[in-house]
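The working numbering numbers the first residue of the sequence shown as 1082 and each following residue consecutively.
For each residue, glycine too, the CB sits at the ideal point set by N, CA and C.
Computed from a predicted model, the values in this text were never measured in an experiment.
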Amino acid sequence: MSYIINGKELALSLKQEMAANVATFTEKYGRVPHLVVILVGEDPGSVSYVTGKAKASEEVGIKNTTIRKEATISEEELLGIIADLNADDSVDGILVQLPLPKHIDSDKVIAAISAEKDVDGFHPMNVANLWLKQPCTLPCTPKGIIKLLKRANVEIAGKDVVVIGRSNIVGLPVSKLLLNENATVTIAHSRTKDLAEVTRRADILVVAIGRPKFVTADMVKEGAVVIDVGVNRDPETKKLCGDVDFAAIEPKASAITPVPGGVGPMTICCLMENTIECFLRKMEK
Ligand code: NAP
C-alpha cells in the first residue's frame, strides 16, 4: 500500500489561504487581482479547463474575465487583443488557452503576452529566467508537482529522478525544478532506449506523456514515488485516467498521485498563485 498524494486536498487548503490573503487586498491596494483568460474555439477540453479556471478564481476572490473568440479569429486580431490587455493597467494576468487553431502561431502569441502578465510562465523571458535561476513566473504544472512532493515530505535532494516527457509545458521545466532541488535528473522521451530499464532506476518517477496507463508495474522500482501528470480517457471505461497504471503500481510505490485528484488541481491552484504574484509585483513596485 502506498501513500496517496492528495492534490485535491492540498489545492483546497492552499486556495483557502490565498482567499484569506486576497480578502485584504481591496483595503491595501484598492482592488483585487484580475486574470483574463482567452478561449479560442470550442474544444471541449479547453472549455472545461477555462471553466475550472473561472471557478477557482471565484473561490480565491480573483476577478476573472473570459474572452471567447471563434476558432476562425485571425492571428492579427488575437495579437491585437493581447496588445490591448498588455496596455490595460487593470489587468494583472493574461492566459491564452492552448492549443490554438492551426492557422495561429502559438509561439508568437505566447511571446506577445507581456512577461509581467504571463501567468502561465510560458513567455521566453520567464523560460530563460527559470533556466538561469532568476526570479520569474514558474509554469503551473511543474510548480504544483514540486509543492505536492514537498507536502508529501518526499526528500528530493540526491535522489535519482526520471522524468518521462520533454515538453516545454511539463517535462523540461519540471526537470529543471527538480535539478534546482538537487535531484539527479534523467529526461526520457519517445527515442529513449530500453525505457523500462531507465525508469526502474528512479527513486522518483514523473510521467508526462499523454498515453493512458502507459507505465506498467514492471517499469517501477519497489518503493518509488510516482507522479502521474497524464490526463487521458481510458479506452475501455471511458473514465479519466493517467499515464500510469495506478491499480498495478499503487501497491508497489511508496507514494503516488491519483488521476483525477493529483497533479491537475495543483495546476489550477498554482495559476491562482501566479496571478496573485503578478499582481503583487506590480502593486509593490
Ligand atoms: P506533449 O507535449 O505531447 O509531450 C509528450 C512527451 O511524451 C514528449 O516529450 C514525447 O517524447 C513523450 N512520449 C510520447 N510517447 C512516448 C513513449 N512511448 N515513450 C516515452 N516518451 C514518450 O505532452 P504534454 O503537454 O507534456 O502533456 C503530457 C500529458 O500531461 C498529457 O496527458 C496532458 O494532458 C497532461 N497534462 C496534464 C496537466 C495537468 O495539470 N494535470 C498539465 C499539462 C499536461 P518526444 O519528445 O520524443 O516526442
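State the DSSP-derived secondary structure class of residue i, mapped to helix, strand or coil.
i: residue 1234; result: coil
i: residue 1318; result: coil
i: residue 1174; result: strand
i: residue 1135; result: helix
i: residue 1308; result: strand
i: residue 1334; result: coil
i: residue 1259; result: helix
i: residue 1210; result: helix
i: residue 1154; result: coil
i: residue 1222; result: helix
i: residue 1273; result: coil
i: residue 1301; result: coil
i: residue 1285; result: strand
i: residue 1340; result: coil
i: residue 1324; result: coil
Judging by CA-CA distance, which residue of the options is the nearest neighbour of residue i?
i: residue 1242; options: 1302, 1127 and 1297; result: 1302
i: residue 1221; options: 1288, 1084, 1345 and 1300; result: 1345
i: residue 1086; options: 1226, 1282 and 1099; result: 1226
i: residue 1152; options: 1145, 1164 and 1180; result: 1180
i: residue 1251; options: 1238, 1240 and 1269; result: 1269
i: residue 1340; options: 1365, 1362, 1333 and 1308; result: 1308
i: residue 1373; options: 1238, 1176, 1365 and 1351; result: Limits of the chain in this structure are 1082 at one end and 1366 at the other, which puts residue 1373 out of reach.
i: residue 1106; options: 1089, 1093 and 1144; result: 1144
i: residue 1247; options: 1177, 1289, 1197 and 1173; result: 1289
i: residue 1326; options: 1159, 1291 and 1175; result: 1291
i: residue 1176; options: 1338, 1134 and 1286; result: 1134
i: residue 1214; options: 1305, 1114, 1343 and 1254; result: 1254
i: residue 1322; options: 1332, 1338 and 1334; result: 1338
In the DSSP assignment, find the unbroken alpha helix (DSSP H) run with residue i in it and report its ends.
i: residue 1101; result: 1088-1103
i: residue 1348; result: 1344-1364
i: residue 1251; result: Neither: residue 1251 is in no alpha helix (DSSP H) and is coded neither H nor E.
i: residue 1296; result: Taken as a continuous stretch (DSSP letters only), residue 1296 belongs to no alpha helix (DSSP H), as it is neither H nor E.
i: residue 1189; result: 1187-1193
i: residue 1108; result: 1106-1110
Below 8 Å on the Cβ atoms is my contact criterion, and I expect residue i with residue j to pass it. Report the Cβ-Cβ distance as a whole number of Å.
i: residue 1141; j: residue 1353; result: 5 Å
i: residue 1219; j: residue 1239; result: No, residue 1219 and residue 1239 are not in contact; Cβ-Cβ is about 22 Å, not under 8 Å.
From which residue to which residue does the beta strand (DSSP E) around residue i run?
i: residue 1241; result: 1241-1245
i: residue 1145; result: 1144-1150
i: residue 1118; result: 1115-1121
Flag this pair as touching only if the stretch 1286-1305 and the stretch 1346-1366 have three or more C-beta atom pairs under 8 Å; answer yes or no. no
Counting pairs of beta carbons, one from the stretch 1181-1192 and one from the stretch 1306-1313, are three or more of them closer than 8 Å? no
Three or more C-beta pairs under 8 Å: does that hold for the stretch 1256-1271 against the stretch 1227-1239? By the criterion of at least three beta-carbon pairs nearer than 8 Å, the stretch 1256-1271 is in contact with the stretch 1227-1239.
Inter-stretch contact (C-beta, 8 Å, three-pair minimum) for the stretch 1120-1137 and the stretch 1150-1169: Judged by Cβ distances under 8 Å, the stretch 1120-1137 makes contact with the stretch 1150-1169, as three or more pairs qualify.
Segment contact flag, the stretch 1271-1279 with the stretch 1204-1217, C-beta cutoff 8 Å, min 3 pairs: no
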